[in-house]
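Enquirer: I have a structure I would like to understand better, so I am pasting it below and will then ask my questions one at a time.
Protein chains: 4
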Amino acid sequence: MTADRIGVGMLGYAFMGKAHSRALLALRHLDVPLRPELVSISGRDARAVEEARARWGWAEATTDWREQVADERIGLFVNGGPNAVHAEPTIAAARAGKHVLCEKPLGMSAAESHEMWQAAERAGVRHLCGFNYRFVPAVRLARELLEAGELGEVVHFRARYLQSWGWDADASLWRFDPAQAGTGALGDLGTHVVGLARYLVGEIVSVSARVRTIVPDRAVDDHVVATIEFENGLLGTVEASRLARGRINSNAFEVNGSKGSLAFDVERLNELEVADTKSFRRVLVTEPEHPFMRHWWPPGHILGWGDTFTHQLAHLLEAIAGEHDVAPHGATFEDGYRCDEVVEAMLRSAESGRSEAVASR
Amino acid sequence: MTADRIGVGMLGYAFMGKAHSRALLALRHLDVPLRPELVSISGRDARAVEEARARWGWAEATTDWREQVADERIGLFVNGGPNAVHAEPTIAAARAGKHVLCEKPLGMSAAESHEMWQAAERAGVRHLCGFNYRFVPAVRLARELLEAGELGEVVHFRARYLQSWGWDADASLWRFDPAQAGTGALGDLGTHVVGLARYLVGEIVSVSARVRTIVPDRAVDDHVVATIEFENGLLGTVEASRLARGRINSNAFEVNGSKGSLAFDVERLNELEVADTKSFRRVLVTEPEHPFMRHWWPPGHILGWGDTFTHQLAHLLEAIAGEHDVAPHGATFEDGYRCDEVVEAMLRSAESGRSEAVASR
Amino acid sequence: MTADRIGVGMLGYAFMGKAHSRALLALRHLDVPLRPELVSISGRDARAVEEARARWGWAEATTDWREQVADERIGLFVNGGPNAVHAEPTIAAARAGKHVLCEKPLGMSAAESHEMWQAAERAGVRHLCGFNYRFVPAVRLARELLEAGELGEVVHFRARYLQSWGWDADASLWRFDPAQAGTGALGDLGTHVVGLARYLVGEIVSVSARVRTIVPDRAVDDHVVATIEFENGLLGTVEASRLARGRINSNAFEVNGSKGSLAFDVERLNELEVADTKSFRRVLVTEPEHPFMRHWWPPGHILGWGDTFTHQLAHLLEAIAGEHDVAPHGATFEDGYRCDEVVEAMLRSAESGRSEAVASR
Amino acid sequence: MTADRIGVGMLGYAFMGKAHSRALLALRHLDVPLRPELVSISGRDARAVEEARARWGWAEATTDWREQVADERIGLFVNGGPNAVHAEPTIAAARAGKHVLCEKPLGMSAAESHEMWQAAERAGVRHLCGFNYRFVPAVRLARELLEAGELGEVVHFRARYLQSWGWDADASLWRFDPAQAGTGALGDLGTHVVGLARYLVGEIVSVSARVRTIVPDRAVDDHVVATIEFENGLLGTVEASRLARGRINSNAFEVNGSKGSLAFDVERLNELEVADTKSFRRVLVTEPEHPFMRHWWPPGHILGWGDTFTHQLAHLLEAIAGEHDVAPHGATFEDGYRCDEVVEAMLRSAESGRSEAVASR
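Chains A, B, C and D, in that order, are what the protein sequence lines are. Quick note on the numbering used here: the first sequence kicks off at 892 and runs consecutively. Quick note on the numbering used here: the second sequence kicks off at 892 and runs consecutively. Quick note on the numbering used here: the third sequence kicks off at 892 and runs consecutively. Quick note on the numbering used here: the fourth sequence kicks off at 892 and runs consecutively.
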């Protein structure tokens, strides 16, 4: 526990602000090479920021993220604010030499995300885009099994992220405002699916998508379906919805290969279904050998959703300390950008009614 | 048990021949208005037909289905042969005034299926296309719940039929020969999915599909993915594969509506998952009130896949006896035809790379 | 299909009469060495027997089982009547040289069951007690895995048979009448559990049981719990109830060994959960290599509860034809008797409040 | 976040020490009426205690718990050490006026536990025994449903706590040493089951148990089975094992009532299966109305095992602040004691071979 320290500044105090604050607090007591100091938190609503500061133990609160960018005590800038305030503060922080973690979706467009990626690269800082589901133990295990060739040649991918809160939600949420959120289910949930597809299988080269806004008077989409084609020609299906009754937070995927298969659902976050050529095995992913388990309990004592943020920040701190790169297990800004290109190809496809190639700048 | 009798002639002696023979034998002892007499069985291989005749108790065997068409003792012609011999014998039988049951896919093309439908209609006979999954108790219950409005407005449909035998199969099977089978996973499995989509949700108006042949040297497809649009604008996803390791016979669908959801998998044929606005309930569909259950056991004593053929033939016999129409619960030749139009739109879409409208003659 | 024939006489026309009739009809078309002829059916209610005769195609009906015993055309006597009429007709049939299948529980007491066993042995006929769950494909597979040592040394057994119809049942059912049924949940369901325990693990040497009648005015038990000790000292738990809401026909067991485990539930009759030292695998027991599967479909096409009767009768016909013994896979009258000794030890234990040794005559 | 403060001293630095330390740290940032200050940690191994101190941020470390008892800054004493050091330090702390939380099993015997309870009562301090599974959200929901009468009259209870690490464990663990652990699976796992039985259903009046030590050379039991009788006459089954292959941490129960049922397994900690008179519903227990959810995330974002310790300590802090009593939702030392009486009755029953009444001092 004699780790060096790193000062952290965070923008955002709501859902993501809470998730990152708790993870930072947990990491002050875990084996990471840099011990996070909670220097300052920022946001537009002075009272809410101050309340978050006091609750989570940030040393200072501010309504101006520029103060954080200028703050020499801060070595890592975490952006957990609404999508519309991702780019400018994150780019500024990177240019000021701070390592950056920005929530997904990265920018409001692929162009903006590309700019963020380029800026972070040019600044030579570590950059991570908050695809936290990569830090579910079962998802990491899935990736490792795939890399080890346990499934043979991958031939199919199918995934869907289904929630149901959209039916009853308050229409004034920022998530329903195109100016703040960009898109709806597509950007919020579809990006997670695309992020997992890319992490587990590889680059997506073309998409055929359809998008719907079903609940009257909503300004953003609430349902998207797509077929996708990967680099090597294999096909997949993708779906995202906030209107699937009975599904609360069901981010689920299945990968089929020539020698076996994998299936997962975030609602059973600690389980990975692993098939050989015959049948599926339910693996409770809590074995001590797993890279995330050194922080936790004996086998069979399950983890929660919030713990994925702890794993993600631990990974970033290790990367900052030079222990490994952010990629491939952490999503970089490049991943955030490439995900946005897939999303934009989906929107073009929904418009054109045809398969659209995924662009690359 | 004083039912009238109906003579049955069947073409086909392999998998489907066995399924229909067993169902006919069972129906000789169940409450149906017409008691089936097994008059004759036909097929190209004289020895195999004779063997099937002796095993299943058919009175006669022949290698010429024309004899069956001319046989006045036969009132119902069941065609369970390979796809390429569906149209001609079935049309001839219908023209000879026999009621007809033909396996799916109906014809080798939508045009041929249309011709079969028109011929059966003009002949004024009852016609049923063998989409036997409509006769799974849980599927009937699903349809009844949907009709009763239990799910509210339907908004999503997703389904996939996954098997894995394709990896290890004998390449000489007729199912891999385009001349006999037409297509591969698409016609064999995809048609079941399309059939269920139409039965449960409604007409499909456009499709965007991609098709692959993955196993080297196969002459038919072994994987298809598609997004579909129904009449009312709602979207769905469809997939069929013979290469999904760990999935043996997983014909699964989920329907989401504004008030609830349904989920089903043929591998758990006796169960229907039913959600209200909150959570899924596992219903063991063996209640005595269910229309198929009068033939069977007390609650909780489950049925097998073969029993769906018994239900289907009972339904057809009742329709022949005038108790009800074949539609909507049985698939008619119109259903077989409309399913083929969807399949052909999928093939066109896979070719064109764009969403294709489903045609109607 | 050139098998020799065997004439069958059956006592009983209700639930078990239906199950055995259907199985016999099915076996007329399957590969068994003796083709069953349905010679005569008997029962006390003339009208009901005649109705059953006509429905299931028995050649004759009688209200006097003695006619069946005297009937030289009959080579196999199947007793599917209420428990109180198991012993006398079955013993008489055996003494007349007929092979005998009697439903479980075998006699009204261990003494009576012992007499039945001895009589059948002395008569030199084949005898089978209708523990049909031994003929579930997954249960046979479980036994084979255990015999092959796949689980290592067995250390635990737990099982329970839970139904819920007891809450709402008609009090006039023969199953609630001690004179006809003997006991309640214990004899009806508990015997199945004991039968499986003995088939899978071995002889039970002592039991500690508690029994309750919960629904007011019931004359037989509706709940029993017990701990059991097997020959080798290992322990198990047993439970049977007709009052477990949400459980329809849940006959479930789990066996744990030093190298792996097995779990099964009749509500998912086609599945066996198989664990190695790490995790459980869901095996869909429909592989063509399975000894029961030669009668049926390609993999993944599931079987129903009624099919276990077909397997059981096929097994008995093979034994009669000399292909193998009834034991170990079929339950003999010895098994029926030994099961009753366990049940009586449970009743003694419930009375004495202490562990009771299982007697042996 | 202007809560009053309470100084905490803890004995123990291993598994339980970690669980409580993390919970205390989390509670410094949650809505509880007393903010915990981590004053000092104690244990026999000076180096290990210092390491734990540094890691978890305890202000001081000591090898003598008496210093903690004498420390006026400490208002709450948490005992997470081995079972053999539960009584003396906890009693001393209570006598010194400190509120006390002691891990389960409470004492090394019912007599010792009784003494601890009496001491704490006499001292007038709040006392909680660490049955953390009461603080699983699904378990609390189960209790609330039972209290609300949703299940009608409870008629059956069955539970088992199955692990498998015992096969491969290091024989030198304190858990295998009778002097430190008392019993084996019984005290470690069986107490959890008994604790849940009492919390959910009520007092246990008699038990019939059998106990085994299966792994050679183990000095404590590794398997126990029992039937139990509750105050109102209803029956249950209980089992605990460290040798059930494929079960990692499966603490599972089922309760059946006249109107419905409940089923739960810690391996799926966020789910409660809830049946009405027909079928089971899978409830993901993450709704915002749940009393534990105010600390956490939107619906569908699951919690981990460690979070139950946070809920438990929050509950105790609220009780110390006078917001409610420790009972009934928290286990008191009385609960710890009564649980031990059940355990001792089980040991007597295993010895005597008969049903033994649960004693009460």
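Just so it is clear, CB atoms sit at the ideal spot from N, CA and C, and this is done for glycine as well. Just so you know, these numbers come straight off a predicted model, no measurement behind them.
Looking at chain A, is there any beta carbon in it that lies within less than 8 Å of the beta carbon of L1134 of chain B?
Expert: Along the second sequence, one-based indexing puts residue 1134 of chain B at 243. Answer yes: the Cβ-Cβ gap between L1134 of chain B and chain A drops below 8 Å somewhere.
Enquirer: Interface residues of chain D around F1171 of chain B at Cβ under 8 Å?
Expert: Counted from its first residue, the second sequence places residue 1171 of chain B at position 280. Simply R1172, R1173.
Enquirer: According to DSSP, is E1094 of chain D helix, strand or coil?
Expert: Walking along the fourth sequence from the start, residue 1094 of chain D turns up at place 203. Three-state DSSP puts E1094 of chain D in coil, outside helix and strand.
Enquirer: Identify whether Y904 of chain A lies in helix, strand or coil by the three-state DSSP scheme.
Expert: For the purposes of this step, residue 904 of chain A is taken as the residue at position 13 of the first sequence. Y904 of chain A falls in the coil class under three-state DSSP.
Enquirer: Which residue comes first and which comes last in the alpha helix (DSSP H) that contains R938 of chain A?
Expert: As a first step, residue 938 of chain A must be located in the first sequence, where it is residue number 47. Start and end: 937-947.
Enquirer: If we ignore side chains and look at the alpha-carbon of each, how far apart do E1235 of chain A and A1060 of chain A end up?
Expert: Your numbering for residue 1235 of chain A matches position 344 in the first sequence. Your numbering for residue 1060 of chain A matches position 169 in the first sequence. Cα to Cα, E1235 of chain A sits roughly 26 Å from A1060 of chain A.
Enquirer: Unbroken beta strand (DSSP E) runs of length 3 or more, entirely within the region 984-1065 of chain C: which are they?
Expert: You should have 990-993, 1018-1020, 1045-1053.
Enquirer: For the candidate residues D:G1093, D:A984, D:S931, D:I1095, whose alpha-carbon lies nearest to that of V960 of chain D?
Expert: The residue given as residue 960 of chain D occupies position 69 in the fourth sequence. The residue with the shortest Cα to Cα distance from V960 of chain D is D:A984.
Enquirer: Hey, is the region 899-914 of chain D in contact with the region 965-973 of chain D, meaning 3+ C-beta pairs nearer than 8 Å?
Expert: Flag = yes, the region 899-914 of chain D and the region 965-973 of chain D touch.
Enquirer: How would you call D1308 of chain A, buried or exposed, if buried means at least 16 neighbouring beta carbons within 10 angstroms?
Expert: Nothing about residue 1308 of chain A can be read from this structure; chain A reaches only from 892 to 1252.
Enquirer: Please determine, among D:F968, D:A937, D:N1140, the residue with the shortest C-alpha to C-alpha distance to L1207 of chain D.
Expert: As a first step, residue 1207 of chain D is located in the fourth sequence; it is residue number 316 there, counting from the start. Checked all of D:F968, D:A937, D:N1140; the closest Cα to L1207 of chain D is D:F968.
Enquirer: Quick check on G1124 of chain D: buried or exposed, where buried means 16 or more other Cβ atoms within 10 Å of its Cβ?
Expert: Residue mapping note: residue 1124 of chain D aligns to position 233 of the fourth sequence, counting from 1. G1124 of chain D should be labelled exposed.
Enquirer: Label G988 of chain D either buried or exposed according to how many other C-beta atoms from any shown protein chain fall within 10 Å of its C-beta, with 16 as the threshold for buried.
Expert: By one-based count along the fourth sequence, residue 988 of chain D stands at place 97. With fewer than 16 other Cβ atoms within 10 Å, it is exposed.
Enquirer: Could you check whether E1145 of chain A and R1049 of chain A sit closer than 8 Å to each other, using their CB atoms as the reference points?
Expert: What you label residue 1049 of chain A is simply residue 158 of the first sequence in a count that begins at 1. What you label residue 1145 of chain A is simply residue 254 of the first sequence in a count that begins at 1. Cβ atoms of R1049 of chain A and E1145 of chain A: closer than 8 Å.
Enquirer: Cβ of R1017 of chain D less than 8 Å from any chain C Cβ?
Expert: What you label residue 1017 of chain D is simply residue 126 of the fourth sequence in a count that begins at 1. It does not; no Cβ of chain C falls within 8 Å.
Enquirer: My assumption, with CB atoms under 8 Å, is that G1227 of chain B sits in contact with R1025 of chain B. Please give the rounded CB distance.
Expert: Here residue 1227 of chain B corresponds to residue number 336 of the second sequence, with the count starting at 1. Here residue 1025 of chain B corresponds to residue number 134 of the second sequence, with the count starting at 1. That pair is no contact at about 12 Å.
Enquirer: What is the C-beta distance between F849 of chain A and H1083 of chain A, in whole angstroms, given that I count them as a contact (C-beta under 8 Å)?
Expert: What the structure shows of chain A is the stretch from 892 to 1252, and residue 849 of chain A is not part of that stretch, so it cannot be assessed.
Enquirer: Would you grab the beta carbon distance between S1055 of chain A and I1139 of chain A for me? Rounded to a whole angstrom, and I think it's under 8 Å.
Expert: Residue numbering aside, residue 1055 of chain A sits at position 164 when the first sequence is read from its first letter. Residue numbering aside, residue 1139 of chain A sits at position 248 when the first sequence is read from its first letter. About 7 Å separates the two Cβ atoms, so the contact holds.
Enquirer: Where do the ends of the beta strand (DSSP E) carrying A1154 of chain A lie?
Expert: As a position in the first sequence, residue 1154 of chain A is number 263, starting the count at 1. A1154 of chain A -> beta strand (DSSP E) spans 1152-1156.
Enquirer: Answer with buried or exposed for S1152 of chain A, where buried requires no fewer than 16 other C-beta atoms within 10 angstroms of its C-beta.
Expert: Against the first sequence, residue 1152 of chain A aligns to sequence position 261. Under this definition S1152 of chain A is a buried residue.
Enquirer: Could you please give me the residues that DSSP links to S931 of chain C through a beta bridge?
Expert: For the purposes of this step, residue 931 of chain C is taken as the residue at position 40 of the third sequence. DSSP, once it has assigned bridges, lists C:G900, C:E951 as partnering S931 of chain C.
Enquirer: Quick check: what's the CA-CA separation for D936 of chain C versus V1165 of chain B?
Expert: Reading the third sequence from its first residue, position 45 is the one you call residue 936 of chain C. Reading the second sequence from its first residue, position 274 is the one you call residue 1165 of chain B. Looking at the two C-alpha atoms, the distance is approximately 42 Å.
Enquirer: On the criterion of 16 or more Cβ atoms from any shown chain inside 10 Å, does R1185 of chain A qualify as buried, or is it exposed?
Expert: In the first sequence, counting from the first residue as 1, residue 1185 of chain A sits at position 294. With fewer than 16 other Cβ atoms within 10 Å, it is exposed.
Enquirer: Check I1119 of chain B in the structure and name its three-state DSSP category.
Expert: For the purposes of this step, residue 1119 of chain B is taken as the residue at position 228 of the second sequence. The answer is strand: DSSP assigns I1119 of chain B an E or B state.
Enquirer: If the cut-off is 7 Å on Cβ atoms, which residues from the region 1090-1123 of chain D count as contacting chain C, listed in chain order?
Expert: Hits within the stretch, in order: S1099, R1101, R1103, I1105, H1114, V1116, A1117, T1118, E1120.
Enquirer: Within a Cβ cutoff of 7 Å, which residues of the same chain sit near A1241 of chain C, ignoring the five residues on either side of it in sequence?
Expert: Here residue 1241 of chain C corresponds to residue number 350 of the third sequence, with the count starting at 1. Contacts found: A1100, R1101, V1102.
Enquirer: Scan the region 1139-1218 of chain C and note each continuous alpha helix (DSSP H) run of 4 residues or more that stays entirely inside, going in chain order.
Expert: Listed in chain order, they are 1198-1211.
Enquirer: Which value, in whole angstroms, describes the spacing of the CA atoms of R1136 of chain A and N1023 of chain A?
Expert: As a working mapping, residue 1136 of chain A is identified with position 245 in the first sequence. As a working mapping, residue 1023 of chain A is identified with position 132 in the first sequence. Those two C-alpha atoms are separated by around 24 Å.
Enquirer: Sorted by chain position, which residues of the same chain lie with C-beta nearer than 7 Å to M892 of chain D's C-beta, five sequence neighbours on each side aside?
Expert: Residue numbering aside, residue 892 of chain D sits at position 1 when the fourth sequence is read from its first letter. For M892 of chain D, the predicted model reports a pLDDT of 47, less than 50, meaning its position is unreliable; a value from the coordinates is still stated below. Once the five neighbours on either side are set aside, M892 of chain D has no close Cβ partner at all.
Enquirer: Restricting to Cα atoms, I'd like to know which of A:E942, A:T1118, A:A950 is closest to V930 of chain A.
Expert: Residue numbering aside, residue 930 of chain A sits at position 39 when the first sequence is read from its first letter. If we check each option's Cα against that of V930 of chain A, A:A950 comes out closest.
Enquirer: Does any C-beta atom of chain A lie closer than 8 Å to the C-beta of V1046 of chain B?
Expert: If you number the second sequence from 1, residue 1046 of chain B lands on position 155. Chain A contact via Cβ: present.
Enquirer: Straight-line CA distance for D1216 of chain B to E1209 of chain B?
Expert: By one-based count along the second sequence, residue 1216 of chain B stands at place 325. By one-based count along the second sequence, residue 1209 of chain B stands at place 318. Straight-line Cα distance between these residues: approximately 8 Å.
Enquirer: Since N1142 of chain A contacts V1157 of chain A with CB under 8 Å, what's their CB separation in whole angstroms?
Expert: As a working mapping, residue 1142 of chain A is identified with position 251 in the first sequence. As a working mapping, residue 1157 of chain A is identified with position 266 in the first sequence. Contact flag correct, Cβ pair sits at about 4 Å.
Enquirer: Give the C-beta separation of A1029 of chain D and V1129 of chain D to the nearest angstrom, bearing in mind that I take them to be a contact with Cβ-Cβ under 8 Å.
Expert: For this step, residue 1029 of chain D is matched to residue 138 along the fourth sequence. For this step, residue 1129 of chain D is matched to residue 238 along the fourth sequence. Between V1129 of chain D and A1029 of chain D the Cβ distance is about 20 Å, and since that is not below 8 Å, they are no contact.
Enquirer: Specify whether the region 913-931 of chain D and the region 1199-1206 of chain D touch according to this definition: at least 3 beta carbon pairs, one from each stretch, less than 8 Å apart.
Expert: Yes, the region 913-931 of chain D touches the region 1199-1206 of chain D.
Enquirer: Given a threshold of 16 other Cβ atoms within 10 Å of its Cβ, counted over all protein chains shown, does A1218 of chain B qualify as buried or as exposed?
Expert: Here residue 1218 of chain B refers to the residue found at position 327 when the second sequence is read from its first residue. Result: exposed.
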